[in-house]
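Asker: Sharing a structure with you now.
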Amino acid sequence: MSAALAALVVTDAVAPARPLADALLVQTAADRLEIVVVAPQDELEQTVALFTAGGFAAVRAVACDVPRDGLAAARCAGIRAAQAPVVVFTETHCFPEPGWARALIAAHAAGPAAVGPVFRNGNPATRSSTSGFLAHYGTFATPPPPPPYADLPGHNSSYARDLLLGFGDELTELLKLEYVLHARLRAAGHELLLAPDAVCDHFNVSRRRAGLREGYLSGRLFAPARASGWSLPRRLGYALAWPLITALRVRRHAADARRIGLRLTPGLALVLVLRLAVTSVGEAVGYLAGPGGAQAPLLEMELRRDRYFAGREAPERAVLEAIAR
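If you're matching positions, the sequence shown starts at 1 in my numbering and goes up one per residue.
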(Lines of atoms letter the chains of each structure in order from A and count residues from 1; the text may use other names and numbers.)
(Lines give C-alpha, C1' and ligand atoms only; values in the text may rest on other atoms or scores of the structure.)
Protein backbone atom coordinates (compact mmCIF):
# COMPACT_ATOMS: atom_id res chain seq x y z
CA MET A 1 0.00 0.00 0.00
CA SER A 2 1.34 3.45 -0.89
CA ALA A 3 2.10 5.94 1.85
CA ALA A 4 -0.62 8.43 2.73
CA LEU A 5 1.34 10.28 5.41
CA ALA A 6 5.04 11.03 5.85
CA ALA A 7 6.27 11.51 9.42
CA LEU A 8 9.38 13.70 9.60
CA VAL A 9 11.70 12.59 12.39
CA VAL A 10 14.31 15.28 13.04
CA THR A 11 17.04 14.54 15.57
CA ASP A 12 20.66 15.35 16.29
CA ALA A 13 21.45 11.82 17.52
CA VAL A 14 20.03 8.31 17.57
CA ALA A 15 19.42 8.06 21.33
CA PRO A 16 16.83 10.87 21.71
CA ALA A 17 14.84 9.40 18.81
CA ARG A 18 14.29 6.01 20.47
CA PRO A 19 11.14 6.86 22.48
CA LEU A 20 9.54 8.46 19.41
CA ALA A 21 10.45 5.42 17.32
CA ASP A 22 8.74 3.21 19.90
CA ALA A 23 5.54 5.24 19.49
CA LEU A 24 5.67 5.17 15.69
CA LEU A 25 6.37 1.45 15.52
CA VAL A 26 2.98 0.67 17.09
CA GLN A 27 0.89 2.88 14.81
CA THR A 28 -2.21 1.06 13.59
CA ALA A 29 -1.70 2.60 10.13
CA ALA A 30 2.03 1.86 9.93
CA ASP A 31 1.63 0.37 6.45
CA ARG A 32 0.38 3.76 5.20
CA LEU A 33 3.09 5.71 7.00
CA GLU A 34 6.34 6.87 5.42
CA ILE A 35 9.18 7.70 7.81
CA VAL A 36 11.64 10.42 6.79
CA VAL A 37 14.63 10.57 9.14
CA VAL A 38 16.58 13.84 9.10
CA ALA A 39 19.80 13.63 11.13
CA PRO A 40 23.52 14.38 10.98
CA GLN A 41 25.44 12.07 8.65
CA ASP A 42 27.25 10.24 11.45
CA GLU A 43 23.96 9.47 13.26
CA LEU A 44 21.82 8.77 10.21
CA GLU A 45 22.34 5.04 9.65
CA GLN A 46 21.71 4.09 13.28
CA THR A 47 18.63 6.30 13.50
CA VAL A 48 17.15 4.86 10.31
CA ALA A 49 17.73 1.37 11.74
CA LEU A 50 15.21 2.15 14.51
CA PHE A 51 12.45 2.09 11.89
CA THR A 52 13.45 -0.56 9.36
CA ALA A 53 11.56 -3.42 11.03
CA GLY A 54 8.34 -1.48 11.51
CA GLY A 55 6.34 -2.46 8.45
CA PHE A 56 6.21 1.12 7.24
CA ALA A 57 5.36 1.98 3.64
CA ALA A 58 8.86 3.46 3.27
CA VAL A 59 11.78 4.71 5.34
CA ARG A 60 13.93 7.49 3.90
CA ALA A 61 17.15 9.09 5.12
CA VAL A 62 18.21 12.74 4.79
CA ALA A 63 21.59 13.95 6.03
CA CYS A 64 21.45 17.36 7.72
CA ASP A 65 23.54 19.07 10.36
CA VAL A 66 20.49 19.77 12.51
CA PRO A 67 22.21 21.72 15.34
CA ARG A 68 23.86 24.01 12.78
CA ASP A 69 21.02 24.39 10.27
CA GLY A 70 18.07 24.45 12.69
CA LEU A 71 14.70 22.72 12.78
CA ALA A 72 13.08 24.72 9.98
CA ALA A 73 15.82 23.92 7.45
CA ALA A 74 15.88 20.28 8.56
CA ARG A 75 12.12 19.97 8.13
CA CYS A 76 12.31 21.60 4.70
CA ALA A 77 14.84 18.97 3.67
CA GLY A 78 12.50 16.26 4.93
CA ILE A 79 9.50 17.71 3.11
CA ARG A 80 11.41 17.68 -0.17
CA ALA A 81 12.53 14.08 0.34
CA ALA A 82 9.08 12.78 1.27
CA GLN A 83 6.82 11.16 -1.30
CA ALA A 84 3.51 10.94 0.58
CA PRO A 85 0.90 13.64 -0.20
CA VAL A 86 0.75 14.74 3.45
CA VAL A 87 3.66 15.43 5.80
CA VAL A 88 3.52 15.63 9.58
CA PHE A 89 6.13 17.09 11.90
CA THR A 90 7.16 15.19 15.01
CA GLU A 91 9.25 15.97 18.07
CA THR A 92 11.48 13.61 20.02
CA HIS A 93 9.66 14.59 23.22
CA CYS A 94 6.10 14.15 21.90
CA PHE A 95 4.72 10.64 21.56
CA PRO A 96 1.61 9.86 19.51
CA GLU A 97 -0.98 7.31 20.53
CA PRO A 98 -1.32 4.25 18.22
CA GLY A 99 -4.29 5.71 16.32
CA TRP A 100 -2.61 9.06 15.63
CA ALA A 101 -1.52 8.41 12.02
CA ARG A 102 -4.86 6.84 11.07
CA ALA A 103 -6.75 9.83 12.49
CA LEU A 104 -4.60 12.34 10.60
CA ILE A 105 -4.98 10.41 7.34
CA ALA A 106 -8.76 10.33 7.79
CA ALA A 107 -8.92 14.05 8.55
CA HIS A 108 -6.92 14.92 5.43
CA ALA A 109 -9.36 12.97 3.27
CA ALA A 110 -11.68 15.98 3.51
CA GLY A 111 -9.04 18.13 1.80
CA PRO A 112 -7.89 20.64 4.45
CA ALA A 113 -4.54 22.35 4.05
CA ALA A 114 -3.41 21.41 7.55
CA VAL A 115 -4.54 19.22 10.43
CA GLY A 116 -3.26 19.37 13.98
CA PRO A 117 -3.34 16.70 16.68
CA VAL A 118 -4.55 17.21 20.23
CA PHE A 119 -2.41 16.84 23.33
CA ARG A 120 -2.15 15.47 26.83
CA ASN A 121 0.56 16.48 29.26
CA GLY A 122 2.99 13.57 29.27
CA ASN A 123 4.76 14.61 32.50
CA PRO A 124 2.20 16.48 34.62
CA ALA A 125 3.73 16.07 38.10
CA THR A 126 5.48 19.45 38.32
CA ARG A 127 4.15 22.99 38.13
CA SER A 128 6.86 23.87 35.65
CA SER A 129 5.73 21.17 33.22
CA THR A 130 2.04 21.95 33.63
CA SER A 131 2.52 25.70 33.19
CA GLY A 132 4.66 25.08 30.11
CA PHE A 133 2.05 22.71 28.71
CA LEU A 134 -0.71 25.29 29.18
CA ALA A 135 1.43 28.05 27.69
CA HIS A 136 2.36 26.12 24.56
CA TYR A 137 -0.41 23.56 24.03
CA GLY A 138 -3.32 24.47 26.30
CA THR A 139 -5.33 25.72 23.33
CA PHE A 140 -4.93 22.32 21.68
CA ALA A 141 -5.23 20.08 24.73
CA THR A 142 -7.83 17.35 24.72
CA PRO A 143 -10.76 17.81 24.71
CA PRO A 144 -10.18 20.48 22.06
CA PRO A 145 -12.26 23.62 21.61
CA PRO A 146 -14.86 23.63 18.83
CA PRO A 147 -13.99 24.86 15.31
CA PRO A 148 -13.20 27.04 13.47
CA TYR A 149 -9.48 27.17 14.17
CA ALA A 150 -7.34 30.22 13.48
CA ASP A 151 -4.13 28.41 14.40
CA LEU A 152 -2.73 24.91 14.88
CA PRO A 153 -0.05 23.48 17.17
CA GLY A 154 3.48 24.26 16.05
CA HIS A 155 6.04 21.48 15.54
CA ASN A 156 3.41 18.72 15.42
CA SER A 157 0.87 19.53 12.70
CA SER A 158 0.39 17.90 9.30
CA TYR A 159 0.20 19.62 5.92
CA ALA A 160 -0.61 18.95 2.30
CA ARG A 161 2.90 18.57 0.93
CA ASP A 162 2.24 20.29 -2.40
CA LEU A 163 0.97 23.39 -0.62
CA LEU A 164 4.15 23.63 1.43
CA LEU A 165 6.37 23.15 -1.61
CA GLY A 166 4.43 25.92 -3.33
CA PHE A 167 6.00 28.43 -0.96
CA GLY A 168 9.39 27.76 -2.56
CA ASP A 169 12.32 29.51 -0.93
CA GLU A 170 9.99 31.16 1.60
CA LEU A 171 9.21 27.87 3.29
CA THR A 172 12.19 27.77 5.65
CA GLU A 173 11.34 31.19 7.06
CA LEU A 174 7.66 30.29 7.39
CA LEU A 175 8.49 27.13 9.32
CA LYS A 176 10.45 29.15 11.87
CA LEU A 177 7.09 30.43 13.09
CA GLU A 178 4.19 28.24 12.00
CA TYR A 179 1.76 30.87 13.30
CA VAL A 180 2.72 32.94 10.25
CA LEU A 181 2.40 29.92 7.93
CA HIS A 182 -1.10 29.22 9.25
CA ALA A 183 -2.08 32.85 8.72
CA ARG A 184 -0.86 32.64 5.12
CA LEU A 185 -2.86 29.46 4.54
CA ARG A 186 -6.02 31.02 5.97
CA ALA A 187 -5.53 34.17 3.90
CA ALA A 188 -5.41 31.98 0.79
CA GLY A 189 -8.77 30.46 1.74
CA HIS A 190 -7.50 27.15 3.09
CA GLU A 191 -9.06 25.31 6.02
CA LEU A 192 -7.29 24.33 9.24
CA LEU A 193 -8.59 21.42 11.32
CA LEU A 194 -7.89 19.63 14.57
CA ALA A 195 -8.22 15.83 14.66
CA PRO A 196 -9.59 14.93 18.12
CA ASP A 197 -8.60 11.27 17.72
CA ALA A 198 -4.97 12.11 16.87
CA VAL A 199 -3.70 12.26 20.45
CA CYS A 200 -0.11 12.96 21.52
CA ASP A 201 1.58 12.95 24.92
CA HIS A 202 3.79 16.03 25.05
CA PHE A 203 6.69 16.09 27.52
CA ASN A 204 7.62 19.51 28.82
CA VAL A 205 10.54 21.12 30.61
CA SER A 206 9.95 20.22 34.25
CA ARG A 207 12.86 22.01 35.92
CA ARG A 208 11.58 25.38 37.11
CA ARG A 209 14.50 27.62 36.16
CA ALA A 210 14.87 25.89 32.81
CA GLY A 211 11.14 26.34 32.19
CA LEU A 212 11.38 30.07 32.78
CA ARG A 213 14.42 30.27 30.54
CA GLU A 214 12.56 28.37 27.83
CA GLY A 215 9.70 30.87 28.08
CA TYR A 216 12.04 33.84 27.75
CA LEU A 217 13.92 32.34 24.80
CA SER A 218 10.66 31.42 23.05
CA GLY A 219 9.44 34.98 23.38
CA ARG A 220 12.76 36.36 22.19
CA LEU A 221 12.50 34.29 18.98
CA PHE A 222 8.75 34.68 18.44
CA ALA A 223 8.61 38.47 18.48
CA PRO A 224 11.07 39.38 15.70
CA ALA A 225 9.68 36.65 13.45
CA ARG A 226 6.15 37.92 13.99
CA ALA A 227 7.17 41.56 13.58
CA SER A 228 9.04 41.18 10.29
CA GLY A 229 8.26 44.29 8.27
CA TRP A 230 6.75 46.22 11.18
CA SER A 231 7.57 49.87 11.78
CA LEU A 232 9.59 50.86 14.84
CA PRO A 233 6.59 52.58 16.51
CA ARG A 234 4.53 49.41 16.17
CA ARG A 235 7.33 47.28 17.60
CA LEU A 236 7.72 49.72 20.48
CA GLY A 237 3.99 49.67 21.14
CA TYR A 238 3.91 45.89 21.41
CA ALA A 239 7.02 45.88 23.58
CA LEU A 240 5.50 48.36 26.03
CA ALA A 241 2.27 46.38 26.13
CA TRP A 242 3.91 43.29 27.66
CA PRO A 243 1.94 43.52 30.95
CA LEU A 244 -1.36 43.64 29.07
CA ILE A 245 -0.27 40.78 26.81
CA THR A 246 0.61 38.75 29.90
CA ALA A 247 -2.81 39.41 31.43
CA LEU A 248 -4.62 38.39 28.24
CA ARG A 249 -2.65 35.16 28.07
CA VAL A 250 -3.30 34.34 31.71
CA ARG A 251 -7.01 34.73 31.06
CA ARG A 252 -6.88 32.56 27.94
CA HIS A 253 -4.89 29.75 29.50
CA ALA A 254 -7.02 29.79 32.66
CA ALA A 255 -9.96 29.14 30.33
CA ASP A 256 -7.98 26.30 28.71
CA ALA A 257 -7.41 24.79 32.16
CA ARG A 258 -11.14 24.90 32.90
CA ARG A 259 -11.96 23.33 29.54
CA ILE A 260 -9.70 20.33 30.12
CA GLY A 261 -10.65 19.92 33.78
CA LEU A 262 -7.32 21.06 35.23
CA ARG A 263 -7.53 22.76 38.62
CA LEU A 264 -5.41 25.89 38.83
CA THR A 265 -4.16 25.75 42.40
CA PRO A 266 -2.63 28.95 43.82
CA GLY A 267 0.87 27.52 43.39
CA LEU A 268 0.27 26.46 39.79
CA ALA A 269 -1.40 29.77 38.97
CA LEU A 270 1.61 31.66 40.33
CA VAL A 271 4.06 29.63 38.24
CA LEU A 272 1.87 30.05 35.15
CA VAL A 273 1.66 33.83 35.60
CA LEU A 274 5.42 34.04 36.15
CA ARG A 275 6.16 31.97 33.06
CA LEU A 276 3.81 34.00 30.87
CA ALA A 277 5.28 37.25 32.19
CA VAL A 278 8.82 36.09 31.46
CA THR A 279 7.73 35.08 27.94
CA SER A 280 6.17 38.50 27.37
CA VAL A 281 9.34 40.22 28.57
CA GLY A 282 11.32 38.06 26.14
CA GLU A 283 8.99 39.20 23.37
CA ALA A 284 9.42 42.84 24.37
CA VAL A 285 13.18 42.48 24.11
CA GLY A 286 12.81 40.61 20.83
CA TYR A 287 10.64 43.32 19.29
CA LEU A 288 13.31 45.93 20.00
CA ALA A 289 16.60 44.02 19.86
CA GLY A 290 15.92 40.94 17.75
CA PRO A 291 16.46 37.29 18.70
CA GLY A 292 20.00 37.72 19.97
CA GLY A 293 21.52 34.36 20.89
CA ALA A 294 18.21 32.66 21.68
CA GLN A 295 18.11 30.17 18.82
CA ALA A 296 20.91 27.77 19.81
CA PRO A 297 19.89 27.18 23.46
CA LEU A 298 16.22 26.85 22.55
CA LEU A 299 17.06 24.33 19.82
CA GLU A 300 19.05 22.32 22.35
CA MET A 301 16.01 22.28 24.64
CA GLU A 302 13.89 21.01 21.75
CA LEU A 303 16.27 18.29 20.62
CA ARG A 304 17.40 17.16 24.08
CA ARG A 305 14.33 17.70 26.21
CA ASP A 306 15.34 14.81 28.48
CA ARG A 307 18.15 16.97 29.88
CA TYR A 308 15.52 19.31 31.30
CA PHE A 309 13.42 16.73 33.15
CA ALA A 310 13.21 16.91 36.93
CA GLY A 311 13.08 13.09 36.86
CA ARG A 312 10.50 12.88 39.65
CA GLU A 313 7.81 10.85 37.91
CA ALA A 314 7.46 7.50 36.18
CA PRO A 315 6.73 8.82 32.65
CA GLU A 316 9.96 10.83 32.62
CA ARG A 317 11.95 7.89 33.93
CA ALA A 318 10.46 5.66 31.22
CA VAL A 319 11.58 8.10 28.53
CA LEU A 320 15.06 8.33 30.05
CA GLU A 321 15.32 4.54 30.15
CA ALA A 322 14.29 4.27 26.49
CA ILE A 323 16.93 6.82 25.50
CA ALA A 324 19.62 5.00 27.48
CA ARG A 325 18.97 1.48 26.22
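C-beta atoms are modelled at their ideal positions from N, C-alpha and C, and glycine is treated no differently.
Remember, it's a predicted structure, so these values are computed and weren't measured experimentally.
Count the CB pairs spanning the segment 301–310 and the segment 4–16 that are closer than 8 Å, and state whether there are at least three.
Answerer: Cβ pair count under 8 Å is three or more, so yes.
Asker: Return the residue from the list 7, 241, 233, 203 that minimises the CA-CA distance to residue 85.
Answerer: Walking along the sequence shown from the start, residue 85 turns up at place 85. Measuring from the Cα of residue 85, the nearest candidate turns out to be 7.
Asker: Under the three-state reduction of DSSP, which class applies to residue 86: helix, strand or coil?
Answerer: For the purposes of this step, residue 86 is taken as the residue at position 86 of the sequence shown. Correct three-state label for residue 86: strand.
Asker: Between residue 274 and the rest of its own chain, which residues show a CB-CB distance below 6 Å, the 5 nearest in sequence each way excluded?
Answerer: By one-based count along the sequence shown, residue 274 stands at place 274. Excluding positions up to five away in sequence, the list is empty.
Asker: Which of the three DSSP states, helix, strand or coil, is assigned to residue 293?
Answerer: Position 293 of the sequence shown, counted from the first residue, corresponds to residue 293. Correct three-state label for residue 293: coil.
Asker: Which runs of the alpha helix (DSSP H), 4 residues or longer, sit entirely within the segment 100–131?
Answerer: Correct list: 100–108.
Asker: Under 7 Å Cβ to Cβ from residue 99, same chain only, skipping five residues before and after it: list those, please.
Answerer: In the sequence shown, residue 99 corresponds to position 99, counting from 1. Only 28, 197 meet the Cβ criterion.
Asker: Under the three-state reduction of DSSP, which class applies to residue 31: helix, strand or coil?
Answerer: Position 31 of the sequence shown, counting from 1, holds the residue named residue 31. The answer is helix: DSSP assigns residue 31 an H, G or I state.
Asker: Assuming residue 291 and residue 220 are in contact, meaning their beta carbons sit under 8 Å apart, how far apart are those beta carbons, in whole angstroms?
Answerer: Position 291 of the sequence shown, counted from the first residue, corresponds to residue 291. Position 220 of the sequence shown, counted from the first residue, corresponds to residue 220. Rounded, the Cβ-Cβ distance is 6 Å, consistent with contact.
Asker: Give me the Cα-Cα distance between residue 176 and residue 293, rounded to the nearest whole angstrom.
Answerer: Working through the sequence shown from its first residue, we reach residue 176 at position 176. Working through the sequence shown from its first residue, we reach residue 293 at position 293. The straight-line gap from Cα to Cα measures roughly 15 Å.
Asker: Is the Cβ-Cβ distance between residue 20 and residue 92 less than 8 Å?
Answerer: As a working note, residue 20 is residue 20 in the sequence shown. As a working note, residue 92 is residue 92 in the sequence shown. In this structure, residue 92 lies closer than 8 Å to residue 20 by Cβ.
Asker: Can you look up residue 231 in the DSSP assignment and give me helix, strand or coil?
Answerer: Within the sequence shown, residue 231 is the residue found at index 231, counting from 1. Looking at residue 231 - three-state DSSP - the assignment turns out to be coil, as it is neither helix nor strand.
Asker: If you compare alpha carbons, which of 204, 286, 31 is closest to residue 237?
Answerer: Working through the sequence shown from its first residue, we reach residue 237 at position 237. The residue with the shortest Cα to Cα distance from residue 237 is 286.
Asker: Whole angstroms is fine: what's the gap from residue 209's alpha carbon to residue 5's?
Answerer: Start at 1 with the first residue of the sequence shown, and residue 209 comes out as number 209. Start at 1 with the first residue of the sequence shown, and residue 5 comes out as number 5. Straight-line Cα distance between these residues: approximately 38 Å.
Asker: Look up residue 143 in the DSSP assignment and say whether it is helix, strand or coil.
Answerer: Numbered from its first residue, the sequence shown carries residue 143 at position 143. Note: residue 143 maps to coil in three-state DSSP.
Asker: Check whether the segment 63–81 touches the segment 137–149, taking contact to mean three or more Cβ pairs, one atom from each stretch, closer than 8 Å.
Answerer: The segment 63–81 vs the segment 137–149: no contact.
Asker: For residue 224, which of 314, 258, 249, 289 has the nearest alpha-carbon?
Answerer: Here residue 224 refers to the residue found at position 224 of the sequence shown. The shortest C-alpha separation from residue 224 is found at 289.
Asker: Tell me, which residues are paired with residue 202 by DSSP?
Answerer: As a working note, residue 202 is residue 202 in the sequence shown. Answer is 94, 121.
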